[in-house]
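Peer 1: In this note's numbering, the protein residues as written are 4 to 494. Even for Gly, the Cβ is constructed at its ideal location relative to N, Cα and C.
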Ligand code: AMP
Ligand code: MG
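1) Any chance the CB of residue 253 is under 7 Å from a heavy atom of the ligand MG?
2) For residue 10, which of helix, strand or coil comes out of DSSP?
3) Note the first and the last residue of the continuous beta strand (DSSP E) segment covering residue 256.
4) If you reduce the DSSP assignment to three classes, tell me which class residue 24 lands in.
5) On a CA-only basis, which of 228, 94, 97, 76 is nearest residue 88? Give me that one, please.
6) Can you look up residue 429 in the DSSP assignment and give me helix, strand or coil?
7) For residue 262, is the beta carbon positioned less than 7 Å from some heavy atom of the ligand MG?
8) Ignore the nearest five residues each way along the sequence and tell me which others in residue 165's own chain have a CB closer than 8 Å to its CB.
9) Given a cut-off of 8 Å, decide if residue 372 and residue 278 are closer than it, judged by their beta-carbon atoms.
10) Taking a contact to mean a Cβ-Cβ separation below 8 Å, would you say residue 292 touches residue 249 in this structure?
11) Quick check on DSSP: helix, strand or coil for residue 424?
12) Use the C-beta contact count for residue 5: other C-beta atoms within 10 angstroms, 16 or more gives buried, fewer gives exposed.
13) Report buried or exposed for residue 302, applying the criterion of at least 16 other Cβ atoms within 10 angstroms of its Cβ.
14) Report buried or exposed for residue 240, applying the criterion of at least 16 other Cβ atoms within 10 angstroms of its Cβ.
15) Using 8 Å as the threshold, is the C-beta distance between residue 328 and residue 427 below it?
16) Is there contact between the stretch 8–26 and the stretch 66–74, where contact requires at least three CB pairs shorter than 8 Å?
17) Return the CA-CA distance between residue 305 and residue 33, expressed in angstroms with no decimal places.
18) For the ligand AMP, I want to know if residue 78 counts as a neighbour, meaning its beta carbon is within less than 7 Å of at least one of the ligand's heavy atoms.
19) Once you ignore the five residues that flank residue 360 on each side, which residues in its own chain have a CB closer than 8 Å to its CB?
20) For residue 438, which residues from the same chain have a beta carbon less than 6 Å from its beta carbon, with the 5 sequence-adjacent residues on both sides left out?
21) Find out if the Cβ-Cβ distance for the pair residue 433, residue 467 is shorter than 8 Å.
22) Looking at the structure shown, is residue 345 part of a helix, part of a strand, or coil, going by DSSP?
23) Distance, Cα to Cα, residue 340 vs residue 332?
24) Quick check: residue 169 and residue 445, are their CB atoms within less than 8 Å of each other?
25) Using 8 Å for Cβ pairs, my map puts residue 392 next to residue 379. What's the rounded Cβ distance?
26) Residue 253 to residue 387, Cα distance in whole Å?
27) On the criterion of 16 or more Cβ atoms from any shown chain inside 10 Å, does residue 451 qualify as buried, or is it exposed?
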C-alpha cells in the first residue's frame, strides 16, 4: 500500500472518540482474495494486494505507513434496547485513503483482536462470516446499492472458539465512513454536547461538505441522512434484501449498507420474511425495514436536537417535520424503483396497486422474488414467451390475469418492446448471493479448505444483471433440501 499514503482524520477528534490500538498479529496469514478493481479505484499499488506483504497487511501483522489504527467508540439500540457500551470490539479503523479524485475512504479491518470495547469477546472473526460479508457486500456494490466494500479477506491460521472451533478470518472493508447513528448516541448517553458538535462537524466536513454553506447545517444534516436512508432502504426492498440486524450501531451516517451479519436475499417472496436466528419477533423482517429505518433516524434526530435549535421545543418541532418526510420520501423511491422493475417510464396513480397485486400473487404462489422480475423482463408484448414465468407460479391463472393488466399498462406508454426489456434487465438481476450458495461456499472453505465455490460464486456476482452462459445453476432458487431457513451473526 505504498502508492497512496494513509492519514487518519478520526484521530484528530480526540481521545474520547476511540482507543488507539494496533491489530494483534496472527500466526499464519494467507490471502484468500483481494479486490483489484477496488484497489485500482482507490489508487493502491498492485503489488500490495497479491504478495505475501499483502497478506501481512490485511491480517494486521504489518501496519501500513501513515495508518493510525484505532477502535471507534459507539453505543447502539439493539433490538430496541439501548446499550451504551458497544464500539469496535473486534475491528479497527486504519485510517483514510484518498482516491485519485480526492475522495476520502475509510479503511477498516474486522477480526483484528481485542480492544477496550471487546467486553467478553475474543476480538476475532470466524472465516464463514468473513466470506459471507465479502460475497454479499461486493454483490450489493455490483447491484448498484450503496454499501461498504470488501478490499481483502485472509485466513489467520488460528482457530476461533464459537459453538465449535472454527478457522479464523479477517476482512478489510472500505466505506465513505464508519460513523454510525450509534456513534452519536454514545456521546448523547454521556451528555457530552461538545463531542456531539465535533462529531456532527466532522461528518459534515467529510461526508456532506456542501452543507457547510448552509446557515444552519444541522437540520440539513438530518435531512441528508433521512433522504439517504430512505433511498437505501427502498433499494433493499426492490431486491428482496433483508439486512437482519438494523440496530442503530449498524446504520451508517454515510447511508451505505453496513455490517453484514445475518443478512439474506429472500428466495420465495413473503412480506414478513425473517432469516436471522436472533430476530425472534420479526423486528427486522423484510416489510418492517422502512419502519425501523424511521425509528433509527428518530434516535439520530435526538442526538442533534441541541444543535438544531437552542430552544428544545423548536428543535423537536423541526426534527419531527423532517422525520415525517421519511415515509413519503421512502415511498417515492420505492415506487420509482418498482416502476422501473416493471418497465414503466411514466408514473400513473394506479401503479402502486399494480405492484402490490403482483406481490400478493407472488406470495400466494410461492414465487421466487428475483426470478419473477427477471423472467418478467424477458417477456414480449404478446404471451408467446409466458410459459417460463407461469411455470414458477402455483396459481398461474392469477398471474395470467395480472400479465394482461401489466401489458395494458405498458401499452399506455410509447415504448419499444426491446428497449423496454433492456431497461428492465438493467434493474432486475439474474444472480443474487442466495443463502444456499453462500452456505455452499462457506462449507467448502471451512470444512475442506476449498475456496473454489467461493471464487466461482464471487465471479458470477460480478455481473449480476447479465445472463452468463453455463452459469444457469447459479440463478436457481434452492432445492427443498438446500433451503437455508436461518442465518447467524457468527460473532
Ligand atoms: P455486530 O453484531 O458485529 O454488529 O457487533 C455488535 C457489537 O459486538 C460490537 O460492539 C462488536 O464490536 C461486538 N462484537 C461482536 N463480536 C465480537 C467479538 N468476537 N469480540 C469482541 N467484540 C465483538
Ligand atoms: Mg455492528
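Peer 2: Put simply:
1) yes
2) strand
3) Residue 256 -> no beta strand (DSSP E), and no H or E assigned at all.
4) coil
5) 76
6) coil
7) yes
8) 129, 493
9) no
10) yes
11) helix
12) Because residue 5 sits at a pLDDT of 44, beneath the cut-off of 50, its placement in the model cannot be relied upon, and the following sentence gives the value as read from the coordinates. Exposed: under 16 other Cβ atoms inside 10 Å.
13) buried
14) buried
15) no
16) yes
17) 44 Å
18) no
19) 405, 408
20) 267, 487
21) yes
22) coil
23) 12 Å
24) no
25) 6 Å
26) 46 Å
27) exposed
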